[in-house]
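All remarks here apply to the structure that follows.
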Amino acid sequence: MNTDIKLGTLPTWALFTGGIALYLGERVAGAGVARVTFDIVGTALVLSSLAARIVLLLKADAEKKQAERKLLFTTLVVVFSLFLYGLSTDEFLSLFGLDSGTDTGVILSRIWLVVFVLGALPLLFLEVAYRPMRRAPGLEKSRLSQAVAGGVSLAAAAAFLFTVDYLATEHDYQLDYSYFRTASPSSATLGMVKRLEGNLKIHLFFPRANEVLEQVKTYLEPIEAANQRIQVKVHDRFLEPDLAKKLTVRKEGTMVLESGERHEKLYIGDNIKKARRILRQLDRRFAEKFTKATSPIKKAYRTVGHMEAGSGAEGTQTIRGIEQILEVTGYRLKTLGIKEGLGGSIPGDCSMLLILGPRHPFLPEEVESIMAYVRKGGRLLIALDPGYDAGLSKVLKYLGIKFDNDLLVNDRVHLRRYHTDADKALLATVSYSSHPSVDTLHKARRLPVFLLNAGSLTKINNPRSDLEIRFPLRSLSGTFKDKNRNFKLDGKLDEIRGAQNLMAAVKKRDNQEKKTTEKTKAGQEKESHGFRALIFSDSDALTDQVLGNLGNLYLASDSIRWLAGIQGVTGAVESGEDIPIEHTRQDDMIWFYGMVFLVPALVLALGLIYSGRRRKGVQP
3 MNTDIKLGTL PTWALFTGGI ALYLGERVAG AGVARVTFDI VGTALVLSSL AARIVLLLKA
63 DAEKKQAERK LLFTTLVVVF SLFLYGLSTD EFLSLFGLDS GTDTGVILSR IWLVVFVLGA
123 LPLLFLEVAY RPMRRAPGLE KSRLSQAVAG GVSLAAAAAF LFTVDYLATE HDYQLDYSYF
183 RTASPSSATL GMVKRLEGNL KIHLFFPRAN EVLEQVKTYL EPIEAANQRI QVKVHDRFLE
243 PDLAKKLTVR KEGTMVLESG ERHEKLYIGD NIKKARRILR QLDRRFAEKF TKATSPIKKA
303 YRTVGHMEAG SGAEGTQTIR GIEQILEVTG YRLKTLGIKE GLGGSIPGDC SMLLILGPRH
363 PFLPEEVESI MAYVRKGGRL LIALDPGYDA GLSKVLKYLG IKFDNDLLVN DRVHLRRYHT
423 DADKALLATV SYSSHPSVDT LHKARRLPVF LLNAGSLTKI NNPRSDLEIR FPLRSLSGTF
483 KDKNRNFKLD GKLDEIRGAQ NLMAAVKKRD NQEKKTTEKT KAGQEKESHG FRALIFSDSD
543 ALTDQVLGNL GNLYLASDSI RWLAGIQGVT GAVESGEDIP IEHTRQDDMI WFYGMVFLVP
603 ALVLALGLIY SGRRRKGVQP
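Have a look at this one:
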């Protein structure tokens, strides 16, 4: 029997087994007897593999010498890479006063891996192609050449990736290819600017001929043009140290809004790459600083102690979006519970009271405090949820409103979240009136508002004549009250399709207000002395889980402004931020299994189909 048939693939197995032994000795075993043992065994296997390759070449017949030469050459490349690894070790480098951290050590530690891949992959490809030819009388030279070419190509690609990875690690550059646009003044910001009655100076402390400064000046141009009381000036912090000290400016790239004795700072930065994030949010940040600088800080209170939204209790939603809208509108949000006096009276500095999704009923004393606050002309926002008794029926009756606890369901138009019948309660609507609390929605048209488990609102019989009751937001006509919560339309329970009221706006005016028609300089109605109230049949519509939807954001923003009496200033602030693409857990699983199993399976299937067609095309 021929020598190469007896040995078969043993030299290749010995080579890679020896390489693994060397790896275990150098990287796993550590110092001591174990390392020496692994190194000796590994070196012996590598050298025996090389010796076997030489013997096979010398004893091979004339036709198979070509294959054995290629196998010997790739084996030599692998052995040479292991030799280079030995040169990169600290033991060898220390002989020349070097270590692995020097340039020589780093280069050797990268080169040996590249050389190893360039030898190992072609060797494996050759071994697979040559194995069935050892017993054959002839040699398929083209098949061997293709195997070598395929192995070298794959090895070169891997070596290229190693090189790129090394260069990227050593030269850490950050390139920002994201979409960039400085935010423009929104209608809401321009509306606040036009209503400004006092003087406002906007100081820009930037270096001359600065790219960030040009972006900021472009943003401020329409703001300065909207009101003659606004002045924009550019300053050099080093040339005007007294002004910088007065306004406590310590960095270039700072904007200061000065109104009388009050001033608000906004640091933007003078480096365009670092300032991009703030420039994208410039409209929102400017509106916040503008409100703080020009308006007296008003306080809004939200009730706590009844598992409301924002309480942090399990199952409740966060309300950071509402807090930001209040801040932009000039309110500072505080909590109000029993220990803060909710059971006695609402604080005198309360300009707006928010009750967001209570799940536990209010005490009678708390209800009386809320009633007294409303009678004095307070601003009240109530968001209720079906299935929970908040104990506020007395307050709602005073407002002329009744809340229906039946869950609203629409089996024709709804959102998809759970992929069960429960999704039918996730409502979407584009039905709204021309009331100021939905003014932006009405102008934008067809922007959907999402409600997650909503009840419905109706007007009580014979409400007081001094109340103005409107229903600005309604569900789609295919919605019905699901009395038994089976998410199906049951005719026996008088479940009928029809538009339902999702939001109520209530306003009371006293006799003096009815007689006056005085307007502000902006042509808008002055703030009313009578109370104003908004009632929502779903608290989720105002929480962070849906405020990412533009329709809900406009709804919350305009509602707060209507309650505050800031009419004619509608819309949300502009933002040039990139919108992140979010995936659900199910989406991530699909992508993961698709990339791990599906794509390789498709590639394999295409390869088999292509190979089959080639075989059919070959004539015997």
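Terminal number for the sequence shown in our numbering: 622, no gaps in between. All C-beta atoms in this analysis are idealised placements derived from N, C-alpha and C, irrespective of residue type, glycine included.
Self-check item: Close-in-space but distant-in-sequence residues of the same chain around THR519 (CB under 6 Å, 5 per side omitted)
Solution: With a pLDDT of only 39 at THR519, under 50, the local geometry of the prediction cannot be trusted, and the value read off the model is given with reservation. Counting only Cβ-Cβ distances below 6 Å, and skipping sequence neighbours, we find nothing.
Quiz item: Under the three-state reduction of DSSP, which class applies to MET309: helix, strand or coil?
Solution: MET309: coil per DSSP, three-state reduction.
Quiz item: What's the C-alpha gap between ILE270 and GLY332?
Solution: Rounded to the nearest angstrom, the two C-alpha atoms are 22 Å apart.
Self-check item: Cβ-based burial, SER541 [other Cβ within 10 Å; buried from 16]
Solution: Looking at its Cβ environment, which holds 16 or more other Cβ atoms inside 10 Å, SER541 is buried.
Exercise. Rounded to whole angstroms, what's the CA-CA distance from THR320 to GLY21? Just pull it up for me.
Key: Each residue's Cα considered, the two are about 57 Å apart.
Self-check item: Sequence-distant residues of the same chain with beta carbon closer than 7 Å to GLY346, five excluded per side
Solution: Contacts found: SER371.
Quiz item: Do you know offhand how far ILE348's Cα is from MET257's?
Solution: If I take the Cα positions, the gap works out to 38 Å.
Exercise. Out of ASN503, GLY88, TYR420 and LYS490, state which residue places its alpha-carbon closest to the alpha-carbon of LYS404.
Key: Nearest C-alpha to LYS404: ASN503.
Quiz item: Can you tell me where the beta strand (DSSP E) with VAL508 in it begins and where it stops?
Solution: It spans 503-510 - the beta strand (DSSP E) in which VAL508 sits, taken as one unbroken run.
Self-check item: Range of the contiguous beta strand (DSSP E) that encloses PRO474
Solution: Residues 469-476.
Quiz item: If you draw a straight line from the C-alpha of LEU249 to the C-alpha of LEU259, how long is it?
Solution: In this structure, the alpha-carbon of LEU249 lies about 10 Å from that of LEU259.
Quiz item: Is there a Cβ from chain B that is less than 9 Å from the Cβ of LEU97?
Solution: Checking the listed chains, one finds no chain B in this structure; it contains a single protein chain.
Exercise. Pick out whichever of GLY255, LEU245 and SER96 has its Cα sitting closest to the Cα of ALA211.
Key: The alpha carbon of ALA211 has as its nearest neighbour, out of GLY255, LEU245 and SER96, the alpha carbon of GLY255.
Quiz prompt | Neighbour-count burial assignment, VAL214, 16 or more Cβ in a 10 Å radius | solution = VAL214 is buried by the Cβ-count criterion.
Practice problem: Give the DSSP bridge partners of PHE482, in chain order. | Solution: As a beta-bridge residue in DSSP terms, PHE482 pairs with VAL411.
Quiz item: Can the beta-carbon of TYR303 be found closer than 9 Å to that of LEU338?
Solution: Cβ atoms of TYR303 and LEU338: closer than 9 Å.
Practice problem: Indicate whether GLN402 and PRO474 have their beta-carbon atoms separated by less than 9 Å. | Solution: Gln is not the amino acid found at residue 402; the sequence shown has Gly there. Not a contact, by the Cβ cut-off of 9 Å.
Exercise. May I have the straight-line CA-CA distance separating ILE340 from SER353, to the nearest angstrom?
Key: Answer to the nearest angstrom: the Cα atoms are 19 Å apart.
Quiz item: With respect to the beta strand (DSSP E) encompassing VAL258, which residues constitute its N-terminal and C-terminal limits?
Solution: It spans 256-261 - the beta strand (DSSP E) in which VAL258 sits, taken as one unbroken run.
Self-check item: Beta-carbon proximity list for LEU26, same chain, < 7 Å, skipping 5 on both sides
Solution: So the list reads PHE40, once near-sequence residues are dropped.
Quiz item: Looking at ALA158 and LEU120, is the spacing between their C-beta atoms short of 9 Å?
Solution: A contact, by the Cβ cut-off of 9 Å.
Quiz item: Which of helix, strand or coil does DSSP assign to ARG304?
Solution: Residue state, collapsed to three classes: strand.
Quiz item: In chain order, which beta strand (DSSP E) runs of at least 3 residues are fully inside the region 344-404?
Solution: At a cut-off of 3 residues, the continuous stretches assigned as beta strand (DSSP E) that sit fully inside the region 344-404 are 352-358 and 381-385.
Practice problem: Would you give the residue range spanned by the beta strand (DSSP E) that ILE204 belongs to? | Solution: Element bounds for ILE204: 202-207.
Quiz prompt | DSSP state of ILE340 mapped onto helix, strand, coil | solution = Reduced to three states, the DSSP call for ILE340 is coil.
Quiz item: Thinking C-alpha only, which one of ALA36, ILE232 and MET194 is nearest LEU202?
Solution: Ranking ALA36, ILE232 and MET194 by Cα distance to LEU202 puts ILE232 first.
Practice problem: Look up SER458 in the DSSP assignment and give the residues it is bridged to. | Solution: DSSP lists ASP406 as partners of SER458.
Self-check item: Span of the beta strand (DSSP E), counted from its first residue to its last, around LEU544
Solution: No beta strand (DSSP E) holds LEU544; DSSP gives it neither H nor E.
Practice problem: Report yes or no: do three or more beta-carbon pairs, one from the region 446-453 and one from the region 490-498, lie closer than 8 Å? | Solution: No, because fewer than three Cβ pairs between the region 446-453 and the region 490-498 fall closer than 8 Å, the two stretches do not touch.
Self-check item: Local conformation of LEU417 per DSSP, three classes
Solution: Judged by DSSP in its simplified three-state form, LEU417 adopts coil rather than helix or strand.
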